[in-house]
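Here is the structure we will look at, set down as structure tokens.
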Amino acid sequence: MNTDRQLFRAAVYVIFRNDKNEILLIRRFNTGWRDGEYTLPAGHIDPGETAVQTCIHEAREEVGLEIKSEDLQLVHIAHCNKDSNYINFYFNANEYNGVAKNGEPDKADDLQWMSIDNLDKLPIIDTVKDALRHIVRGENLSFWGF
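Residue numbers (our numbering): 61 to 206.
As structure tokens, then:
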């Protein structure tokens with residue numbers, strides 16, 4: 061019997077929608093990983109932090125939007141195994157305050173509101189695009205890279 065335990069990294073992704081039902085995307089820049097591609101506001105879950113706490117602080121840091129824990133709704137979990145072993149949690153921000161702005165110009169160089177029907181018009185990180193397609197279909201679990 062193999063006694064090795066599988067270790068996972070965990071990250072959260074926050075889906076913000078505007079009054080046109082477009083989602084907020086940010087373009088990675090100067091990070092060394094997937095630069096030039098768009099993603100949702102996101103971040104790794106730090107030790108001692110919950111997924112919800114991560115959503116709140118990453119939204120504030122990355123796009124200047126304030127959210128409350130009660131306004132977050134878990135809509136999808138994606139287990140990704142292509143490049144590394146990640147569990148990604150996708151949350152809808154049902155309510156938020158503020159105006160979206162680039163809060164980390166050293167890591168992102170563009171913000172776009174995009175209709176979820178037009179995801180192929182921008183270079184979006186493949187795992188994020190895949191999860192968004194599952195979310196649109198009402199699927200709350202997906203697997204990538206197995």
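Cβ coordinates follow ideal geometry from the N, Cα and C atoms, glycine included.
Every value quoted in this text rests on a predicted model; they were computed, and no experiment measured them.
Opening and closing residue of the alpha helix (DSSP H) in which residue i lies
| i | result |
| --- | --- |
| residue 177 | Run containing residue 177: none; DSSP gives neither H nor E here. |
| residue 86 | Element bounds for residue 86: not the alpha helix (DSSP H) but the beta strand (DSSP E), 83-88. |
| residue 192 | 186-196 |
| residue 116 | 111-123 |
Distance between residue j and residue i (C-alpha atoms, nearest Å)
| i | j | result |
| --- | --- | --- |
| residue 91 | residue 162 | 15 Å |
| residue 64 | residue 157 | 45 Å |
| residue 128 | residue 66 | 32 Å |
| residue 81 | residue 173 | 9 Å |
| residue 97 | residue 72 | 17 Å |
| residue 175 | residue 108 | 35 Å |
| residue 168 | residue 102 | 12 Å |
Cut-off 7 Å between Cβ atoms - residues of its own chain near residue i, not counting five sequence neighbours on either side
| i | result |
| --- | --- |
| residue 140 | 146, 148, 187, 204 and 205 |
| residue 154 | 131 and 133 |
Exposure label - residue i; buried when at least 16 CB within 10 Å
| i | result |
| --- | --- |
| residue 130 | exposed |
| residue 144 | exposed |
| residue 76 | buried |
| residue 202 | buried |
| residue 122 | buried |
| residue 74 | buried |
| residue 69 | exposed |
Extent of the continuous beta strand (DSSP E) to which residue i belongs
| i | result |
| --- | --- |
| residue 133 | 132-140 |
| residue 156 | Taken as a continuous stretch (DSSP letters only), residue 156 belongs to no beta strand (DSSP E), as it is neither H nor E. |
Residue i CB to nearest heavy atom of the ligand PLP below 7 Å
| i | result |
| --- | --- |
| residue 136 | This structure lacks the ligand PLP; in fact it carries no ligand of any kind. |
Cβ neighbours of residue i in the same chain (closer than 6 Å, five flanking residues each side left out)
| i | result |
| --- | --- |
| residue 135 | 150, 152 and 195 |
(message) With three or more beta-carbon pairs closer than 8 Å as the criterion, would you say the segment 107-119 touches the segment 169-187?
(response) Contact between the segment 107-119 and the segment 169-187 is not established, with fewer than three Cβ pairs separated by less than 8 Å.
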